[in-house]
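S.K.: Please find one structure pasted underneath; my questions will follow.
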Amino acid sequence: MEAATVTRPTTRDEDWRYADADFLASADAAHLAHWATYEVPEGETLRHAAIHTSGDASAGGFERIRVHVGKGGRYEAFHVIAGGKYQRIEIEVTLEEGAHFEFGGVTLGGGDKIQEFVTRTIHAHPNATSNQTVRAVQWGQSKGNFLGRIEVARDAQKTDAAQNFRAILLEKGASANTKPELEIFADDVQCAHGAAIGELDQNAAYYMAARGIPPQLARKLLVQAFIGDAFVELDEADTRERLLEAALEQLEEAAL
Amino acid sequence: MLRIENLTAEVDGKPILKGLSLEVKAGEVHAIMGPNGAGKSTLSYVLGGRPGYEVTGGSVTFTSPEGESLDLLELDPHERAAAGLFLGFQYPVEIPGVSNVQFLREALNAQRKERGEDALSGGEFLKLAKEKAGLLRMDMDMLKRQVNVGFSGGEKKRAEMVQMGILAPSFAVLDETDSGLDIDALRVVGEGINQIMRGDNKAVLLITHYQRLLDVVKPDRVSVLADGRIVQTAGPELALRLEEEGYDAVMAEVAA
C-alpha cells in the first residue's frame, strides 16, 4: 500500500537529523518506512535483546520497532550497536495503564561510523513507567547518538519516565549527540533525564596501572563497567554476558 | 633496594623535587616526614609513574628481591607494579562498576603474567583474598562491593592495605596511609603494614605527618624532606624530635 505514498526521510527531518545522509539517499524508501510491530498482551512481558554488528564493509542497517504494551504489561529492549557504517535502532512504544518500558542501549565504535538509537515513548494512560539507559563509547571520527522523545498524554497521571544518556569519547574527533524531548500534557508526572559526555576516567586508569593492570586491560574494564549500566535491568545473566562480550570484542579489535 | 639519586621533577612546569637523594635498604622501614608542600606526595607519584609528574633529571634504581637492578623511571606504571612496587594512595580512587574482587584478581593476574607466572584461578584467588582481608579485619562482603565506592575514608585506607596484602609487593610507598583513620583503624592498618611488609627482602617508604603511625610501624630510618630535597636522615629518634620541636627548629639546626 505504501509504495506510492512513501517519502524518503532526510537529515532535515527532526528524527533523522544525525543520520547518515548517504545511507538515506541510497536506501530503499519503502524499506525505510517499514515498521516491525509487536503487541504485548495485558500483564505479559516481551523482551528483545540483540547485537548489531554488520561488518565495516556494510553500509549498515536499521530496524524500526513499534510496540503496544497492554495494561500492566512490560516491554524490555536491550541492544548493542557495534558495527556498520550507519546503524540505527528506532523504537516506538505505547504504554497502556500501569505498563512498563525498559530500554538499555549501547553504541560502541570507531572509524566514521554513525550509530544511533531513536526512541519514542508514549505514556497514553495513567501509572505507566519507563526507564531508558543509553551508553555510547566512540573513537576515531565516529558518532553515537540518542534521540529520545517522551510523550505524556493528558490523562496519563502518575507517569514515571526516566532517561539517561552518557558517552565516553576515547579519541579526539569522536562525538556524541543527544536530544531529549519531553511533551507532557498531564500535571502529576515524574520525568527525569540526564546526559553527560566525557572521557575515560584517567584517575581510575592510573589507579589500575599502579596495581599492575596494563592500559589496554584498564580501558576494557572501565568501558565494561560503563556500558554495564545499560544492562543492569536485564536479569538474564547469560544474555547480559553475551551483549557485553560482543561490545567489548569490538573494542579489542580497535587499534587505539 | 631503592636508590634515588639527585632526582628532579616538575608538575605543570613548576619544579617540585630539586635534587632528591635517598637510599632505602632491604629490610628497612624508612619514614619520610616534612612540612606541607615539601614534595612528599610528588615523590610518591614520581616513583609510581603518574602522568603529569615529569622527571627532569636524576635516577631511581630499584633492586628486586632476586637481585635484578632496574631503572625504575624507564618502566611504565603497570610494569613497576609487576616488578614489586606498590603505591598506597593518599586518596584511593573510586571505580564504579568494578568490584574489588574483579579489580584485584585482574591486577594480580596481570602482574603474574608480566612476570611469566601462571594466573590464579577464581577459587585460588578468593582463598587468598579472604586470608588477606581477615588480616586487616575487613569483611569479605566489602571486597565484593565496587572499588572504594561508598567507602569511608578509613575503609578506603584499610582496603588499600588489603590490596597490598594480596599483591604482595617487595617495596611499598605509602603516602599518608594514616590520614582519615581513627585510633583503632590506625592500629589495624599499622599492624597490617608490619605483617605484610616486614621481611629481609622487603622495604617500605612511609610518608607521614605524624608520630602516631610510627608508634605502631617502628621506622628504622627517618628522613626529613623539605623544599624538594632530603635535608636530614637519622634513626627513629628524629621523628620524636620533630614531633616535639617542629620542623623549623630541626631544620634550622641542619642549616647552621
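If you read the protein sequences in the order shown, they are chains W and U.
188 is the number that the numbering used here gives to position 188 of the first sequence; each next residue is one higher, with no gaps.
505 is the number that the numbering used here gives to position 249 of the second sequence; each next residue is one higher, with no gaps.
By construction, the Cβ of each residue, glycine as well, lies at the ideal position given by its N, Cα and C atoms.
In this text, all values refer to a predicted model and were calculated from it rather than measured experimentally.
(1) When you compare the CB of N127 of chain W with every CB in chain U, is at least one pair closer than 8 Å?
(2) Kindly indicate if chain W contains any beta-carbon less than 8 Å away from that of L258 of chain U.
(3) Any idea if W139 of chain W is buried or exposed, counting beta-carbon neighbours within 10 angstroms, 16 or more meaning buried?
(4) At the 8 Å Cβ level, is L303 of chain U part of the contact set with chain W, yes or no?
(5) Check the Cβ-Cβ distances between F78 of chain W and every residue of chain U, and say whether any is below 8 Å.
(6) I'd like to confirm the pairing. Which residues does DSSP put opposite P180 of chain W in its beta bridges?
(7) Please classify P41 of chain W as buried or exposed, where buried requires at least 16 other C-beta atoms within 10 Å of its C-beta.
(8) Since P214 of chain W meets chain C, which of its residues come closer than 7 Å, beta carbon to beta carbon?
(9) Considering only the alpha carbon of each residue, which of U:G269, U:L303, U:L498 lies closest to L261 of chain U?
(10) Distance, Cα to Cα, E2 of chain W vs T37 of chain W?
(11) Which two residues bound the contiguous alpha helix (DSSP H) that contains K274 of chain U?
(12) Any C-beta of chain W within less than 8 Å: which residues of the stretch 370 to 398 of chain U qualify?
(13) For K383 of chain U, count neighbouring C-beta atoms within 10 Å of its own C-beta (all shown protein chains included) and say buried if the count is 16 or more, exposed if not.
(14) Among U:A338, U:G379, U:K386, whose alpha-carbon lies nearest the alpha-carbon of K369 of chain U?
(15) What does DSSP give as the partner residues of S320 of chain U in its beta bridges?
(16) What residues from chain W crowd round A363 of chain U, counting only those whose CB sits closer than 8 Å?
(17) Enumerate in chain order the residues of its own chain whose CB-to-CB distance from V137 of chain W is below 6 Å, with the five nearest sequence positions on each side excluded.
(18) Rounded to whole angstroms, what is the Cα-Cα separation between H465 of chain U and G502 of chain U?
(19) Can you check whether the CB of G111 of chain W is closer than 8 Å to the CB of S142 of chain W?
(20) Applying the 10 Å Cβ sphere with the 16-neighbour rule, what's the burial state of A490 of chain U?
(21) Assign S377 of chain U to one of three DSSP states: helix, strand, or coil.
(22) Leaving out the 5 sequence neighbours to the left and right, which residues in its chain are closer than 7 Å to N365 of chain U when beta-carbon positions are compared?
(23) Quick one: Cα of N145 of chain W to Cα of T178 of chain W, how far?
(24) Tell whether a beta-carbon distance below 8 Å holds between G484 of chain U and K296 of chain U.
(25) With a threshold of 8 Å between beta-carbons, can A338 of chain U be considered close to chain W, or not?
(26) For a contact meaning CB atoms closer than 8 Å, what does G228 of chain W contact in chain U?
(27) Cβ atoms of L217 of chain W and L170 of chain W: under 8 Å apart, would you say?
M.R.: Looking at the atomic coordinates:
(1) no
(2) no
(3) buried
(4) no
(5) no
(6) W:G148
(7) exposed
(8) You won't find chain C in this structure, because its protein chains are W and U.
(9) Here residue 261 of chain U is Glu; the residue named in the question, Leu, does not match the sequence. Nearest C-alpha to E261 of chain U: U:L303.
(10) Note on E2 of chain W: pLDDT 46, under 50, position unreliable in the model; the coordinate value appears next. One C-alpha to the other measures close to 16 Å.
(11) Unbroken run through K274 of chain U is the beta strand (DSSP E), 270 to 280; no alpha helix (DSSP H).
(12) E370
(13) exposed
(14) U:A338
(15) S320 of chain U is not bridged to any residue.
(16) M208, R211, G212, I213
(17) L108, I168, V223
(18) 11 Å
(19) yes
(20) exposed
(21) coil
(22) A375, L376
(23) 6 Å
(24) no
(25) yes
(26) G353
(27) no
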